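Chains as they are written, first to last, in my numbering: chain A, 461 to 735; chain B, 461 to 735; chain C, 96 to 466; chain D, 96 to 466.
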């Protein structure tokens, strides 16, 4: 009854280890593959690694006018959309996080639903409206359609950030003699800053990666990087696609690295506690 | 100093009301537009509402072999992928939620990163591997590529559900004389059930809506509904696209309605507290 | 003179209170959770609005002032220190808002740091402080505002039992030194009576009794106060000319009332006196002992029911032995209205030495209300 | 006879304890948070593994048994009621696991429900119960397992102050009725001494003192115990032949020790005795009063420093007046090791009546350890 009866060993821990390794490989191998292709000089079957390394495919991609134009477009639209989203959504997020008003819950759930919902339908509905307004194939139309994807991070996560500032912190500032504006500037905003930053960055990434809506509204003039991906797969050699994927992933990678500690700190989690 | 100095009025509440209304309209109008188009019999500019209502476009869509085939394909793949995800991910989720092991955090952040990352790059990397394995344009390849999108809900949310079961509940069961298996079956699983259900449903929706990976791996044989959306926009009349969008949205709508109270209950939020 | 009045409406679960607080005194608002004591405090601070009534400080009506214009300062239950500022900036914020000159700020903050014993921790952030230190920063921050009324909202509830007593004494000592009018909200009756000049006992949004700790403890005028503050034996029974009737048994010391009254009989454990051997008294069995420092508490059982008695820890009988006791004072509360009807000190026939017990001065009949 | 021994290793912040618990007695593990008391309990229950040492119950080594095979039952701090089962199924689960017959289960559970006063709540879910009710369900669930050792992990800490005292008495009464060996973890010293047969005071993973509540309170053998349990005046000072020296002042009652000893002088507020008018004693000023039910505490200040004295609430001098006092008993702790060196009862020269104070029996010198 004593002896080898291990008390604290996880049941089936060896099997679990295998599953974990599998999941890890499933995530890592495609990325690794991508990197290998991007930096490969020569790579022939059945070798596991390229026979020669080179940056030739990077030079190739950046020499294609189509592709560099898409990169410039993406890097222009995403910041603009993020900025617009800040102006529109941050006040709303503060209201969501701080006040209780008519239809608050419905609105928040509505915003969340657009994220879980198949967005293509929503985009089609939006596109026909933009068509009626003669905004299809215009920069404004692209901004509007990309704005849709930034709604969730900008309202939910920023609302969580504002809502996560304990009311007592603001009350203590009022108590100390500060008016509402000074209280917001000196207390609420600084305390909420990490969460708001996460929201802004996720909004940027949402705009940057948006493909379906931009495809409906921006084609053929505004072919951003995610849209270009479709044609690159068909019309360019494989290493070029790998390089282009890596370029597409670079901003996400850098920004996620920047906000990693806030995400881990749980500033996103609070959003759900608002409902 | 007293009198009209309102103490508890939200600053700029009227402006905020306008912003809120704007956001609401931004979400609602495209949907409304979609519904109007789907049920429109005749609708000519500049009328705000159709001149006649009809179900003709529904009949039209369901009479097109291409489209019904896509519906059948989607409704076949999504359940299969969900089932596979259950078998692979739920044990992993339990381990994430309950035990502390080597690289646990890195793995969880890795999984989350795939969601915030532009997935197209990942899909290209995965597709080239599947190409090497001769799995492109096969059902197995489609299942594998759709599995990628189910990882986040199935591990994060289910891990949160398991992790949210207080250890003491399990310990109390052990204390009462139940072994580990009985404790899991009678205590852990029932208590975690709502969160696990949410995870499964979100995994189903992720598989159901997956377009980019399936596009790379499944074309031309496996054109699921989300992929068909691209061709329907170009090749079919507008009301058909609206109807097809609505059909695509139906499962999401029903399932989200089902799990609404659990989402509101916050079973997703717990996931972030695990890190 | 401070005059604080709050009469909020009844539609919300809020407080209905009307009381005057003396200048420089410490008043505790005591009651179970949800009794409206915190709401009352928040109304004084300006974070909640009374539906009716007025709040006056020094005769000035502050009912409709914004919080930042009120002469109050609050210490929050969770301290509410600003996490992105170090201790120094937490303390100077309020003074900077008031545009004090930097030199005056510097010296005031340094003096305050010395007073609360935090010198040297100026550059720590709140997260780097212990609970007790955070508590003192919060107190210092409030005191630096030189409020006319200091408001403390369960300031000790996040400290462990041991720390709580220490900080409590510190708060009291600072309050007395600065002679600052203070409202102190707590749900802990021991804390409330230990620290206060006066205690306001609240329940279900209403003020039940307002008086000195001594008064609240020995002369509870309502069953709720008797039950909530300290330990009180409360048993259904009656008072008759022959004595107190509990469980059908008449307890000897007679001459309590002329006409019999029924209700709930209440007496403190300290008001139960064990008789020396041979002296008359009600027979009982000692069933349980509980050491509480210098005083121990025993459970006595008999036909009369079950009651608790307090005895000095050096005179504790063994559990299971027999004992005799008399009551030194009894109160009777109306079973329906819960209001005090009779309060009588009893002359112990047992010939026990009245000066011996740790209990209160018997007050012969002076408080009898009814009957 | 129950024998419980735990000697965990030192690399983790865990407990180092070696003690025997008598059959049928209630032992409280008392200490500040993080002292290892909960870890000790979890080791007995089987949820944590000791790195060394053994745990014996009735002579049987259970150190390596899985939790489900141990003769222990635990009441968790947060109750750990299964939220998806109603009260009835929470209570029957353990019995069903043990394959008792349904009839026996039914009657056992019904009897238990009656005992803890929950009859009629069988079909409520935990979320529909008050904190006190949940607590009783948790206790009932543990008791139904008929454990040889009942483990309670801060079972009262989630109740409000008032409820805590009530449930505490209930737990003690049930424990005594069933004569069930119980380990009770708490950080509240009042709770620990009130409920226990014996108290184990722990700090930083070690057992500091193990004894009866009386022993722990009056004879703390370590500075930590003196400070943590009850209120103790602790002042740096010395004992000399002339008397106790505090702050340079020699307090009169002489003949304490032959050779002077320095260290930290400790005495309880109850061991400070106010002298009647005219009687000799050390002069002091009363600076603060604190009502604590039947006993009040005052702060005395003078050249000797600052100390607290306990007096019956009916003999409280006014704040600001002068008073004289003598010490009835003093202890001296080593300033470096914190261990008790001297413990002396003092014959009050003041001629005060030793039987009067609520304090302990003076124990003339019997406990003197050093010097």
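Ideal Cβ placement from N, Cα and C applies to all residues, glycine included. Just so it is clear, the structure is predicted and the values come from calculations on it, not from any experiment.
Could you have a look at residue 496(A) and say whether DSSP puts it in helix, strand or coil? For residue 496(A), the secondary structure class from DSSP, reduced to helix, strand or coil, is helix.
Three-state class that DSSP yields for residue 478(B) in the structure shown: Shown here, residue 478(B) sits in a helix according to DSSP, grouped into three states.
Since residue 189(C) meets chain A, which of its residues come closer than 7 Å, beta carbon to beta carbon? Residues of chain A passing the Cβ test: 636, 637.
Count the other CB atoms, across all protein chains shown, that sit within 10 Å of the CB of residue 615(A); report buried if there are 16 or more and exposed otherwise. Residue burial annotation: residue 615(A) is buried, with at least 16 other C-beta atoms found within 10 angstroms of its C-beta.
Give the range of the beta strand (DSSP E) segment to which residue 376(C) is assigned. Segment: none, residue 376(C) is in no beta strand (DSSP E) and carries neither H nor E.
Other residues of its chain near residue 672(B): CB distance less than 8 Å, five sequence neighbours each side excluded: Once the five neighbours on either side are set aside, the close Cβ partners of residue 672(B) are 579, 580, 583.
Helix, strand or coil for residue 570(B)? Go by DSSP, reduced to three states. It is helical.
Mind checking residue 282(C): buried by the 16 CB within 10 Å criterion, or exposed? When all chains shown are included, residue 282(C) counts as buried.
Any chain C beta carbon closer than 9 Å to residue 657(A): Taking Cβ atoms only, chain C never reaches closer than 9 Å to residue 657(A), which makes this a no.
For residue 112(C), tell me which candidate among 126(C), 241(C), 312(C), 361(C) has the shortest Cα-Cα distance. Of the listed residues, the one whose Cα sits closest to residue 112(C) is 126(C).
Given a threshold of 16 other Cβ atoms within 10 Å of its Cβ, counted over all protein chains shown, does residue 594(B) qualify as buried or as exposed? The residue is exposed, with fewer than 16 neighbouring Cβ atoms inside 10 Å.
According to the neighbour-count rule (16 or more other Cβ atoms, all chains shown, within 10 Å of its Cβ), is residue 211(C) buried or exposed? Buried.
If I measure Cβ to Cβ from residue 561(B) and keep anything under 8 Å in the same chain, skipping five residues before and after, which residues do I get? Around residue 561(B): 555.
Applying the 10 Å Cβ sphere with the 16-neighbour rule, what's the burial state of residue 367(C)? Burial is judged here by how many other beta carbons sit within 10 angstroms of a residue's own beta carbon; residue 367(C) has at least 16 and is buried.
Please state if the CB of residue 249(C) and the CB of residue 280(C) are separated by a distance shorter than 9 Å. A distance below 9 Å separates the beta carbons of residue 280(C) and residue 249(C).
Near-chain B residues of the segment 309-336 of chain D (beta-carbon distance less than 8 Å), N- to C-terminal order: Result list empty, no residue passes.
Give the interface partners of residue 163(C) over in chain A, defined as CB-CB distance under 7 Å, in chain order. Residues of chain A passing the Cβ test: 634, 637, 638, 639.
On the DSSP letters alone, give me the boundaries of the beta strand (DSSP E) that residue 306(C) sits inside. For residue 306(C), the enclosing beta strand (DSSP E) covers residues 301-306.
Given that residue 558(A) touches chain C, what residues does it touch there, using C-beta distances under 8 Å? Per Cβ cutoff of 8 Å: no residues; residue 558(A) is ~14 Å from chain C at best.
Assess contact between the segment 616-630 of chain A and the segment 228-244 of chain C, defined as three or more Cβ pairs (one per stretch) separated by less than 8 Å. Is contact present? Too few Cβ pairs lie closer than 8 Å, so no.
Are the CB atoms of residue 586(A) and residue 490(B) within a distance shorter than 9 Å? Closer than 9 Å, so yes.
Got a sec? Which residues, its chain only, sit under 8 Å from residue 468(B) by beta carbon, not counting five neighbours each side? For residue 468(B), the predicted structure reports a pLDDT of 44, less than 50, and the residue's modelled location is therefore unreliable. The matter cannot be settled from this model.
Enumerate in chain order the residues of its own chain whose CB-to-CB distance from residue 522(B) is below 7 Å, with the five nearest sequence positions on each side excluded. Correct list, in chain order: 528.
Measure the CB-CB distance between residue 401(C) and residue 382(C) and report whether it falls below 9 Å. Between residue 401(C) and residue 382(C), the C-beta gap is smaller than 9 Å, which places the two residues in contact.
What residues match up with residue 357(D) in a beta bridge as DSSP calls it? Beta-bridge partners assigned by DSSP to residue 357(D): 333(D).
For residue 688(B), count neighbouring C-beta atoms within 10 Å of its own C-beta (all shown protein chains included) and say buried if the count is 16 or more, exposed if not. Under this definition residue 688(B) is a buried residue.
Three CB pairs or more closer than 8 Å across the segment 284-295 of chain D and the segment 385-398 of chain C: These segments touch.
Quick one, which of 701(B), 662(B), 645(B) has its alpha-carbon nearest residue 715(B)'s? Residue 662(B) is the option with its Cα nearest to residue 715(B).
Reduced DSSP category for residue 399(C) - H, G, I as helix; E, B as strand; rest coil: Coil.
Taking Cβ positions only, does residue 115(D) come closer than 9 Å to chain C? False, the Cβ-Cβ gap to chain C never drops below 9 Å.
For a test of the three-state rule: what should DSSP assign to residue 383(D), helix, strand or coil? Note: residue 383(D) maps to strand in three-state DSSP.
In the structure shown, what three-state DSSP assignment does residue 368(D) receive? Looking at residue 368(D) - three-state DSSP - the assignment turns out to be strand.
Could you tell me whether any Cβ in chain B is nearer than 9 Å to the Cβ of residue 698(A)? Yes, because at least one Cβ of chain B sits closer than 9 Å to the Cβ of residue 698(A).
Mind listing which residues of the segment 483-500 of chain B have their C-beta closer than 8 Å to chain A's C-betas, in chain order? Within the segment 483-500 of chain B, the qualifying residues are 483, 484, 486, 487, 488, 489, 490, 491, 492, 493, 494, 497.
Strictly below 7 Å CB to CB, what residues from chain C border residue 628(A)? 171, 173, 175, listed in chain order.
Assumed close pair residue 548(A), residue 479(B) - CB separation to whole angstroms, cut-off 8 Å: Separation of the CB atoms of residue 548(A) and residue 479(B) is rounded to 6 Å, and the pair is thereby assigned contact status at 8 Å.
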